[in-house]
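Trainee:
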Amino acid sequence: MSVVSLARGGLAWGLGVAAFVGVVSGCSKPQRHYTTTVEVGEVQHYGQAAKGGSITDLELKFVDCPGDARKYVRADKGFGQCNPNIKEGEHLEAEVVAKYNSESNSYRSELVRLGGCPMRFDPTDEANYEIVQTCTDLEASGVVVGVRCDRSRSKELVAKCPWFRR
């Protein structure tokens, strides 16, 4: 076998690998980045800020979304160090990344930045979850007798806040 045929074979193999990588990466769905505003609800710190930060549990309400859309997050110590004085009622800018999960064949949204501080949390921790609902009063004879809450992700919600798409 000559050097030229080896070079051609290596080139063909390299082009084949590049084409395969291009096809496989083309099949993956892109990440989508969104910026929104959240209102801080409950705040709970665990640990001492003076000893390297504290883990922080947060309730966050997406104020720009229709209905009641909330995310509950247990942020790491790095967030506690970056923003140790976060307070209930604050309105903060949040960056959300929607990532496609091929195992569940759906999107999952992750909060990656809150008020200028990076957010890291364990997505498998049961303390981290989100809930969306739209509640309406039930009336009988002009009197409110109850409430009905729909927890589906409505078209209006997904249109205004697309990171809630599944």
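Residue numbers (numbering that gives the first Met the number 0): 0 to 165.
Idealized CB from N, CA, C, for every residue including glycine.
#1: For a minimum of 3 consecutive residues, which ranges assigned as the beta strand (DSSP E) are wholly contained in the segment 91 to 151?
#2: I need the straight-line Cα distance from Val-20 to His-32, nearest angstrom please.
#3: Please confirm if Ser-101 has its CB atom under 7 Å from at least one CB of chain C.
#4: Which term fits Lys-86, buried or exposed, when burial requires 16 or more other beta carbons within 10 angstroms of its beta carbon?
#5: Using only CA atoms, which one of Val-143, Thr-35 and Glu-41 lies nearest to Lys-159?
#6: Name the two residues that bound the continuous alpha helix (DSSP H) containing Val-157.
#7: Beta-carbon within less than 8 Å of Glu-138's beta-carbon, same chain only, minus the 5 sequence neighbours each way: which residues are those?
#8: Specify the secondary structure class of Gly-79 as computed by DSSP and reduced to three states.
#9: Label Cys-64 either buried or exposed according to how many other C-beta atoms from any shown protein chain fall within 10 Å of its C-beta, with 16 as the threshold for buried.
#10: Compute the Euclidean distance between the alpha carbons of Arg-165 and Ala-97, then round it to the nearest angstrom.
#11: On the criterion of 16 or more Cβ atoms from any shown chain inside 10 Å, does Asn-100 qualify as buried, or is it exposed?
#12: So is Val-72 buried or exposed if we call it buried at 16+ other beta carbons inside 10 Å?
#13: Three Cβ pairs or more, each shorter than 8 Å: is that satisfied between the segment 146 to 158 and the segment 79 to 94?
#14: Is Gly-79 buried or exposed, if buried means 16 or more other CB atoms sit within 10 Å of its CB?
#15: Who are the Cβ neighbours of Asp-124 in its own chain at under 8 Å, not counting the five residues just before and after it?
Mentor: If we stick to the structure as given:
#1: 105 to 113, 128 to 139 and 142 to 149
#2: Stepping through the sequence shown from its first residue, residue 20 is reached at position 21. Stepping through the sequence shown from its first residue, residue 32 is reached at position 33. Reliability fails at Val-20, whose pLDDT of 44 lies under 50, so the model's placement of it is uncertain and the value that follows must be treated cautiously. About 24 Å.
#3: This model lacks chain C altogether, as it is built from one protein chain only.
#4: To locate residue 86, count along the sequence shown from 1; it is residue 87. Flag for Lys-86 reads exposed.
#5: For this step, residue 159 is matched to residue 160 along the sequence shown. Comparing Cα positions, the closest option is Thr-35.
#6: Along the sequence shown, one-based indexing puts residue 157 at 158. First-last of the alpha helix (DSSP H) with Val-157: 154 to 159.
#7: What you label residue 138 is simply residue 139 of the sequence shown in a count that begins at 1. Excluding sequence neighbours, Glu-138 sits near Val-144.
#8: Sequence index remark: in the sequence shown, residue 79 carries index 80 (1-based). The answer is helix: DSSP assigns Gly-79 an H, G or I state.
#9: Within the sequence shown, numbered from 1, the residue matching residue 64 stands at position 65. Looking at its Cβ environment, which holds 16 or more other Cβ atoms inside 10 Å, Cys-64 is buried.
#10: By 1-based counting over the sequence shown, the position of residue 165 is 166. By 1-based counting over the sequence shown, the position of residue 97 is 98. Cα to Cα, the separation comes out at about 10 Å.
#11: By one-based count along the sequence shown, residue 100 stands at place 101. Exposed: under 16 other Cβ atoms inside 10 Å.
#12: Here residue 72 refers to the residue found at position 73 of the sequence shown. That one is buried.
#13: no
#14: As a position in the sequence shown, residue 79 is number 80, starting the count at 1. The residue is buried, with at least 16 neighbouring Cβ atoms inside 10 Å.
#15: Sequence index remark: in the sequence shown, residue 124 carries index 125 (1-based). Contacts found: Arg-73.
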